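Below is one structure, written out as structure tokens; the observations come after it.
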Amino acid sequence: SGRMTLCNMAIEMGGKTGIVEADDETANFLSNRCKTNINPIRSDLNAQYEKVLRLDVSELEPQVACPHKVDNVKTVSEVAGVKVDQVFIGSCTNGRYEDLEVTAKILRNKQVHPGVRLVIVPASKEVYLKALKNGIIETLLQAGALVSNPSCGACFGGHIGILAAGEIGLTTSNRNFKGRQGSPEAEVYLSSPATAAASAITGVITDPREV
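Counting in our numbering, the sequence shown runs from 1 upward without gaps.
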């Protein structure tokens, strides 16, 4: 599911498309989801590309996109301490099982900050049921999170976690344009589920490695 997030965010960075070549892991993921045979399309072995970029992210510090653009990116240490009114974990980018699993691991035996609303929206019914079966939903609820039914939630400013004027939200969704999640006078920061979960505990944007 991390590949789906990668492809999704490639578009937000200005790409026309984002593709991860299908492999055995893709086949396993689709094996019980598709009723037709899958014939992967792969690049030619001798394909020539306009440009090849190789990125080493092993030492990359957690990143946060600041209001009101997805490319207004800073390291978490640069924005650490910014007070948040609401943390939203969900959407098509980061509401999958692995995201809820990471969130629950950080929140286990801890409590959401009293000044923060933590809204969690699983990306699908399948994700919700798996998280429910494995005790993840219980962990989230015990920590003080509000867990909603699978949907887009606050991502597009529809429901479950709409920001009021003057509020600051930290979200794992893919866009933080002005008015995206409620009032145009609110501010939206984008982060990973780990950063979001850590910040829900402290009440301010926090490096998840410090919680």
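Note that the Cβ used here is the ideal one computed from N, Cα and C, for glycine as well. For clarity, every value in this text was computed on a predicted model and none was experimentally measured.
Would you check if the region 61-78 and the region 147-155 touch, i.e. whether three or more CB-CB distances between them fall below 8 Å?
The region 147-155 and the region 61-78 do not touch, with fewer than 3 CB-CB distances between them shorter than 8 Å.
Does the region 118-128 come into contact with the region 35-45, if we say contact requires no fewer than three beta-carbon pairs (one atom in each stretch) closer than 8 Å?
No: the two stretches stay apart, fewer than three of their Cβ pairs being nearer than 8 Å.
If I follow the unbroken alpha helix (DSSP H) through valine 214, where does it start and stop?
Look at the range of the chain in this structure, 1 to 211, and you will see that residue 214 is not part of it.
Of all the CB atoms in chain B, is at least one closer than 7 Å to the CB of methionine 9?
Here chain B cannot be found, since the structure has a single protein chain.
In whole angstroms, give me the CA-to-CA distance for proline 150 and glutamate 101.
Position 150 of the sequence shown, counted from the start, is the residue given in the question as residue 150. Position 101 of the sequence shown, counted from the start, is the residue given in the question as residue 101. The alpha-carbon atoms of proline 150 and glutamate 101 are separated by roughly 16 Å.
Can you have a look at tyrosine 49 and say buried or exposed, based on whether 16 or more other CB atoms are within 10 angstroms of its CB?
As a working mapping, residue 49 is identified with position 49 in the sequence shown. Exposed, by the Cβ-count rule.
Let's test the definition: count the other Cβ atoms within 10 Å of the Cβ of alanine 47 and tell me whether it reaches 16, buried, or not, exposed.
Your numbering for residue 47 matches position 47 in the sequence shown. Answer is exposed; the Cβ neighbour count stays below 16.
The beta strand (DSSP E) enclosing glutamine 86, as first and last residue numbers
As a working mapping, residue 86 is identified with position 86 in the sequence shown. In the DSSP assignment, glutamine 86 falls within the unbroken beta strand (DSSP E) covering 86-90.
Buried or exposed: where does glutamate 59 fall if 16 or more other Cβ atoms within 10 Å of its Cβ makes it buried?
In the sequence shown, residue 59 corresponds to position 59, counting from 1. Around the CB of glutamate 59, fewer than 16 other CB atoms lie within 10 Å, so the residue is classed as exposed.
Distance between asparagine 37 and glycine 179 (C-alpha atoms, nearest Å)
As a working note, residue 179 is residue 179 in the sequence shown. As a working note, residue 37 is residue 37 in the sequence shown. Taking the straight line joining both Cα atoms gives about 43 Å.
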